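Numbers -17 to -1, 1 to 458, taken from mature numbering (1 follows the signal peptide of the UniProt record, and there is no 0), label the letters of the sequence shown in order. Where is the CB? At the ideal position from N, CA and C, for every residue including glycine. Keep in mind the model is a prediction, meaning the values are calculated, not measured. The next block holds one structure in the form of structure tokens; read it before the comments.
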Amino acid sequence: MSLRSALVAVWAASATAQFIPSILGSRDGSGCPNTLAVSYPAPVAAKGWTYRLVAKGFKKPRSIVFDDNGGLLVVDAGVGLYRLTVDQDKGETCVVMSSPKTLINSTELNHGLALSNDGKVLYASSSSRVYAWTYDSKAATVSDTNYTVVANMSDTDKTTRTLLMSQKRPGMLVVSRGTVNDQDNKARNPNSGHAQIRAFDVSSQRKGSEPHDFMDGVLLGSGLRNSVGVAEDPATGGIWSVENSVDELARNGRDIHAGNPGEELNYHGVLDDPSTDKDRGGNYGFPMCYALWNTTGFPDLGGLKPGDQFPGPDAETFTDATCTKDYVAPRLALQAHAAPLDIKFTKDGAKAFISFHGSWATKNPVGYRISSVAFDTSKGEPSAQKSSTDAAVDVLSTPDLAKCPDACFRPVGLAWDSQGRLWFSSDSTGEIFVLHQNGTSSGGGGSTGSPSLVADKAAAWAVVLAAIVAGLFLA
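As structure tokens, this is what we get:
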């Protein structure tokens, strides 16, 4: 190659490199008719993943569910329930959504959402009740009136009532109810109904039926401060939850809240499977025992490892051994204060995806991401050891946590569509997104570029552009 050719090639590569960010940063660089863009620093997708903003303008979107006709149902907390449909689907994340259709006007609805196994009954929750409506997904209509299927859940603090309809045991509706406050002594008593997950057979519930009292449900777990995310492993039928632990905590008079306690991934057995009775109905610790996350500088660490439980200030007579003996430790501890709000398994049960809403009272913000946890499908358990602190691998994360919570997405509800794309809501920004895996994810790195493009495609275009530019000068 001549000196002139080499210089031109170098210049072309440099010019192309400068052009790459504009390609990656263009929300419609792929020619997708959806040109919606976020107004804050865009989240970063891991290698092999792309994402796109598909709807915005909600007040506080929380749980989301797809119906059997492809409609996306969205609980907008304090507003009601909307349904959106895909107007244009050009594959991967290139979708254009319809304007939201209001199905239910209700300031009571705040989080929970589920459909019956046949898709003909819609369930949604307030802070005190679970309501049901007859639902026609084809006509996109609900009945004019509802009826109550579960009652007596009034609390003043943790007011979300997460709903999950079992697919392994049709008709069983799982309901999660949090604590009244962080000094909730009643949560120690399983008969209080506080800080529990219970399951109810609603298959025969109709308008005019007497609602279940919350205490009538099958107890799946107690001592659960705020287990907002609940899921069923499709491979085994196992019920799992993600627990939001306390924000302020001390041990032996020393403040440890900067890195403890850990959030939790908990197992609650399989509905109506006697072989898992030992895993169902246990006490998971709150407000007596908590999970260790950060061991650095932890007072009187001894032999404790991440995921092990230790007594809190309310358990003055307890030892670490008491917590180990009398309470159920999490299968995994998760980043302290990251606030996991939903969990969804892949169809084969090989991974569980978790939305981390993000911390609100920590000096250094954490969370604000969606991560995956690998599962061993032969055991129905996380692949990582119980003491692991890196089992949750980021799929979508915030580029600059220092800007959180004000200038970040805050993921809440997760839902799979029929094509295997993962949709999620961001309540603080009033948005809905779609995530798509189009390659093998390394779980790390990624790009802040366009969610509609892949780094490999961008690199290929860079080579093409460099060749074109060089060719023009050398012709």
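Excluding five sequence positions before and after I47, the CB atoms of its chain that fall closer than 8 Å to its own CB belong to L55, L56, V57, V58, L96, G396, L397, A398, W406, F407, S408, I415, given in chain order.
For W343, the number of other beta carbons within 10 angstroms of its own is below 16, and it is reported as exposed. Taken in chain order, the complete beta strand (DSSP E) segments of 3 residues or longer contained in the region 224 to 261 are 246 to 253. By the neighbour-count criterion, in which a residue is buried when 16 or more other Cβ atoms sit within 10 angstroms of its Cβ, A274 is buried. For K334, the enclosing beta strand (DSSP E) starts and ends at 334 to 339. Closest in C-alpha terms to S361, from the list A333, G252, V225, G245, comes A333.
Here N168 carries a helix assignment [DSSP, helix/strand/coil].
Nearest C-alpha to T219 among F328, E299, P282, V157: F328. Taken in chain order, the unbroken stretches of beta strand (DSSP E) that lie wholly in the region 37 to 87 and span 3 residues or more are 44 to 49, 55 to 59, 63 to 67, 69 to 72, 78 to 80. Shown here for V349: same chain residues with a beta carbon closer than 6 Å to its own, the five before and five after excluded, namely Q318, H320, A321, S342 in chain order. In the structure shown, A134 adopts extended strand secondary structure according to DSSP, grouped into three states. Residue environment for N17: buried (at least 16 other C-beta atoms within 10 angstroms of its C-beta). Note that the C-beta distance between S120 and D51 is below 8 Å.
Per DSSP, the continuous alpha helix (DSSP H) segment holding K308 begins and ends at 303 to 309. The beta carbons of V213 and L315 sit about 16 Å from each other, so the pair does not count as a contact at 8 Å.
According to the DSSP assignment, K327 belongs to the beta strand (DSSP E) that extends over 323 to 328.
Here the region 191 to 208 makes contact with the region 148 to 162; the two share three or more CB pairs at distances below 8 Å. The straight-line gap separating the alpha-carbon atoms of A29 and S338 is approximately 15 Å. For F301, same chain residues with a beta-carbon under 8 Å away, outside a window of 5 residues either side, are M271, C272, P294 in chain order. For the pair of segments examined, the region 189 to 197 was found not to touch the region 245 to 261: the number of CB pairs separated by less than 8 Å stays below three.
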